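Following: one structure in structure tokens, then a few remarks.
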Amino acid sequence: MQYPPDMPATARRHPDLRPTLRGLAWTSPFLLGTLLFLVVPAAMSFSFSLTDYSLIEPPLSVGLGNYREMLGDPLFWRVVRNTAFFALGSVLLGTPMAIALAALVETRARGSALVRAVIFFPTLVPIVAASIGWMWLYAGEHGLINRLLGRVGIHDAPDWLNDTRTAMPALIVMSLWFIGSPVVIYGAAMRDVPRTLFEAADLDGMGPLTRFRNVTLPMISPAVLFNVVVSVIWALQVFAVPAIMTKGGPNEATNVYALYVYRTAFDYGRMGYASALAWVQLLLTLVLALIVVLGSRRFVFYRN
Amino acid sequence: MPRRRPNPLVRLAISSALALAALLFATPLLWMAATAIRPADQTLDPKVGLLPRMESPDHRTLSPVSPGYWSGVAGAASDNLRAVLSSPTADFPLYIQNSLRVALLSVVGMVLSSSIVAYGLARLRWRGRTAVFILVLATMMMPFTVIMAPQYLLFRNLGWIGTFRPLWVPAWFGGAFSIFLLRQFFLGIPRELDEAARIDGCGHWRTFWLIILPLSKPALAVVALFQFLGSWNDFAGPLVFLNHERMYTVALGLQMYQNQHGGVPWNLVMTASLVATIPVLVVFLLAQRSIVEGVATQGLKD
Numbered sequence: 001m002q003y004p005p006d007m008p009a010t011a012r013r014h015p016d017l018r019p020t021l022r023g024l025a026w027t028s029p030f031l032l033g034t035l036l037f038l039v040v041p042a043a044m045s046f047s048f049s050l051t052d053y054s055l056i057e058p059p060l061s062v063g064l065g066n067y068r069e070m071l072g073d074p075l076f077w078r079v080v081r082n083t084a085f086f087a088l089g090s091v092l093l094g095t096p097m098a099i100a101l102a103a104l105v106e107t108r109a110r111g112s113a114l115v116r117a118v119i120f121f122p123t124l125v126p127i128v129a130a131s132i133g134w135m136w137l138y139a140g141e142h143g144l145i146n147r148l149l150g151r152v153g154i155h156d157a158p159d160w161l162n163d164t165r166t167a168m169p170a171l172i173v174m175s176l177w178f179i180g181s182p183v184v185i186y187g188a189a190m191r192d193v194p195r196t197l198f199e200a201a202d203l204d205g206m207g208p209l210t211r212f213r214n215v216t217l218p219m220i221s222p223a224v225l226f227n228v229v230v231s232v233i234w235a236l237q238v239f240a241v242p243a244i245m246t247k248g249g250p251n252e253a254t255n256v257y258a259l260y261v262y263r264t265a266f267d268y269g270r271m272g273y274a275s276a277l278a279w280v281q282l283l284l285t286l287v288l289a290l291i292v293v294l295g296s297r298r299f300v301f302y303r304n
Numbered sequence: 305m306p307r308r309r310p311n312p313l314v315r316l317a318i319s320s321a322l323a324l325a326a327l328l329f330a331t332p333l334l335w336m337a338a339t340a341i342r343p344a345d346q347t348l349d350p351k352v353g354l355l356p357r358m359e360s361p362d363h364r365t366l367s368p369v370s371p372g373y374w375s376g377v378a379g380a381a382s383d384n385l386r387a388v389l390s391s392p393t394a395d396f397p398l399y400i401q402n403s404l405r406v407a408l409l410s411v412v413g414m415v416l417s418s419s420i421v422a423y424g425l426a427r428l429r430w431r432g433r434t435a436v437f438i439l440v441l442a443t444m445m446m447p448f449t450v451i452m453a454p455q456y457l458l459f460r461n462l463g464w465i466g467t468f469r470p471l472w473v474p475a476w477f478g479g480a481f482s483i484f485l486l487r488q489f490f491l492g493i494p495r496e497l498d499e500a501a502r503i504d505g506c507g508h509w510r511t512f513w514l515i516i517l518p519l520s521k522p523a524l525a526v527v528a529l530f531q532f533l534g535s536w537n538d539f540a541g542p543l544v545f546l547n548h549e550r551m552y553t554v555a556l557g558l559q560m561y562q563n564q565h566g567g568v569p570w571n572l573v574m575t576a577s578l579v580a581t582i583p584v585l586v587v588f589l590l591a592q593r594s595i596v597e598g599v600a601t602q603g604l605k606d
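Sequence order for the protein chains is G and B. Residue numbers for the first sequence follow the working numbering, beginning at 1 and rising by one. Residue numbers for the second sequence follow the working numbering, beginning at 305 and rising by one.
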């Protein structure tokens with residue numbers, strides 16, 4: 001590259017830093033915010049996780065004591081199991097259901113736009129209102145579900161949210177009410193499939209189901225990967241729904257990780273132990289976020 | 305090549321499946337609404353379905369097509385609404401004000417900061433741009449519950465607990481989803497416009513204000529809508545950071561109201577839930593297309 005003769009000598013030896021500084025300046029709100037509201041709290045959380053801290057007295061160093069306590073804390077393992085069960089259940093049921101609903105809406109049959117709106121709207125309902133509404137559906141004696149079951153002769157239906165066997169499955173079923181975003185994302189991915197592929201499949205004599213399996217599904221697989229990982233991450237953070245609907249009960253049956261962290265910090269006032277719990281959760285989430293980023297980068301390569 | 309017309313049986317199956325899906329997804333809200341229009345004495349009545357029973361002044365049962373039935377329903381609904389809004393234990397008008405205040409402050413901050421950051425990621429070429437963009441994507445995966453306890457400690461040290469600041473100040477630093485959405489939109493604006501502006505002597509700041517922002521109104525509106533919805537619906541943030549009932553947002557006030565009543569006057573609890581939901585429904589009805597398109601772009605990262 002030719003530099004103009006009047007350029008100072010230093011500029012020739014060092015790459016120009018100005019574009020980088022300008023870029024950093026424009027993105028500084030986000031960088032500062034991430035530092036202040038994410039990195040600093042995470043660092044604080046790590047240092048507190050090595051202490052016993054009740055908010056009232058100054059932190060007392062306990063080394064790795066909190067992490068060791070976690071290993072032997074039966075409630076910790078309980079909430080890990082509950083959270084994994086919830087995440088697995090909601091993702092394993094939600095993913096095929098969202099794909100099927102997206103395929104249904106993308107038939108563009110009459111009224112499908114309205115149906116998509118009806119499926120999507122629940123994701124916007126305030127989570128508190130949604131939770132209260134579902135408590136009413138699940139209510140043992142007067143709830144709609146048990147009333148309908150009574151109509152068809154089932155009178156010994158459980159009190160869904162107050163029964164240790166049914167409470168978590170009930171929350172998983174409720175989580176399916178919020179699959180509007182994946183349905184929309186799958187729909188967009190299906191619309192992006194080149195029509196020529198469908199025409200080729202038609203010429204090959206594929207029926208609609210074979211075509212769906214051999215053309216549509218592979219073509220939307222990047223969207224599936226994206227949605228699955230995002231759904232898993234979000235399911236692992238589930239908080240508001242059990243906090244409002246079951247308060248983690250009955251008998252810890254719906255106590256989940258985020259709720260346990262919240263209680264440890266704010267109800268039991270054990271900031272140190274809560275920080276250790278949060279840090280473990282943070283690491284798991286970072287690993288999963290990394291998978292999403294790598295996965296979505298492969299997506300670009302795949303399409304271009 | 306025209307697609308073959310599917311046979312009538314397939315069409316019927318598709319239509320029925322669509323209707324069934326719509327019915328299943330609409331039922332919770334329909335049942336909430338059906339409960340919210342019931343008079344107190346019918347709330348738990350197993351014989352009452354979607355529509356409540358209404359009686360004429362001389363105690364004859366009215367059918368839904370008879371005159372006076374719907375004014376009776378409106379009367380019951382407005383009785384419930386009045387009972388909720390003037391509840392002695394929960395000040396919903398105040399909570400609505402609080403929610404609007406927090407939502408407004410965070411919408412303004414989110415739109416401004418995110419568009420600045422998105423400009424830096426979409427219109428400037430610099431080393432590290434990709435790294436910052438990956439950081440944006442990574443924080444998008446970082447839900448609040450993971451950092452709520454340490455954030456509480458941070459805000460406590462700053463003396464912000466008991467103020468609204470923890471709920472809106474972070475928005476002024478931009479948000480991952482908004483930045484992502486605006487970056488995608490800015491990338492689609494022709495570069496020639498920037499160059500023309502440069503020739504006219506505009507720096508980046510003036511290009512941003514005079515060229516990019518005016519052309520991006522639809523995307524800015526979507527960001528504002530999402531931030532409004534996120535702020536209005538937020539439960540965990542207010543739960544952790546607000547320590548006084550007078551500062552509660554609608555979501556938190558609703559949860560408290562439900563807790564106090566143990567859900568028993570379901571007609572009132574459902575009315576309160578609809579009070580929190582109806583602003584969201586209005587926003588959705590007005591901007592359905594933009595909201596759905598905004599969600600769809602999430603899956604199409606490049």
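Cβ atoms here follow ideal geometry from the backbone N, Cα and C, with glycine treated the same way. None of the values given here were measured: they were computed from a predicted structure.
Query	Result
Residues bridged to G:LEU60 (per DSSP)	G:ASP52
Minimum length 4: unbroken alpha helix (DSSP H) runs contained in the stretch 201-272 of chain G	208-211, 217-236, 240-245 and 257-262
9 Å Cβ cutoff, G:MET44 in contact with chain B	yes
Under 9 Å (Cβ pairs) to chain B, residues found in the stretch 142-167 of chain G	HIS142, LEU144, ARG147 and GLY150
Status (buried if at least 16 other CB within 10 Å, exposed otherwise) for B:ASP538	buried
Cβ neighbours of G:LEU149 in the same chain (closer than 7 Å, five flanking residues each side left out)	ALA157
Contacts that G:PHE30 makes with chain B (C-beta to C-beta distance below 7 Å)	VAL421, VAL440, PHE477, GLY478 and ILE483
G:LEU171 beta carbon less than 9 Å from that of G:VAL105	no
Minimum C-alpha distance to B:ARG405 - residue among B:VAL421, B:LEU458 and B:ARG469	B:ARG469
DSSP beta-bridge partners of B:LEU366	B:MET358
Cα-Cα separation between G:TYR53 and B:SER382, rounded to whole angstroms	50 Å
Chain B contact for G:TRP77 (CB, 9 Å cutoff)	no
Within chain B, the residues that G:PHE86 reaches when beta carbons sit closer than 8 Å	Within 8 Å Cβ-Cβ: nothing; G:PHE86 doesn't reach chain B, min ~14 Å.
CB contact below 9 Å: G:SER181 versus chain B	yes
B:LEU428 vs G:TRP26 beta-carbon contact at 9 Å	yes
Helix, strand or coil at B:SER403 [DSSP, three-state]	helix
Coarse secondary structure for B:GLY507, derived from DSSP in three states	coil
Exposed unless 16 or more other CB atoms sit within 10 angstroms - verdict on B:ALA426	buried
Cβ pair B:VAL450, G:GLN237 closer than 9 Å	yes
C-beta neighbour in chain G for B:ILE595, strict 9 Å	yes
Chain G contact for B:PRO332 (CB, 9 Å cutoff)	yes
Buried or exposed by the 16-neighbour rule on C-beta atoms within 10 Å, applied to G:PRO126	buried
Nearest-angstrom Cβ-Cβ length linking G:THR264 and G:ASN82, presumed shorter than 8 Å	Not confirmed; about 15 Å, so no contact.
Exposure of B:ARG502, with buried meaning 16 or more beta-carbon neighbours within 10 Å	exposed
Nonlocal neighbours in the same chain, by C-beta distance under 7 Å from G:VAL232, ignoring five residues either side	ALA87, VAL91 and LEU288
Interface residues of chain B facing G:VAL40 [CB-CB closer than 7 Å]	LEU458
Cβ of B:GLY424 within 9 Å of any chain G Cβ	yes
Rounded separation between B:MET560 and B:SER577 - CA only	12 Å
B:MET336 and G:GLY133 closer than 9 Å at C-beta	yes
Secondary structure of B:ALA387, DSSP reduced to three states	helix
Sequence-distant residues of the same chain with beta carbon closer than 6 Å to G:GLU252, five excluded per side	ARG78
B:ALA340 vs B:ASN571 beta-carbon contact at 9 Å	yes
B:LYS521, DSSP secondary structure in three states	helix
Span separating the alpha-carbon of G:LEU277 from that of G:TYR262	10 Å
Close beta carbons around G:PHE239, own chain, < 8 Å, minus the five adjacent residues each side	VAL256, ALA258, LEU259 and TYR262
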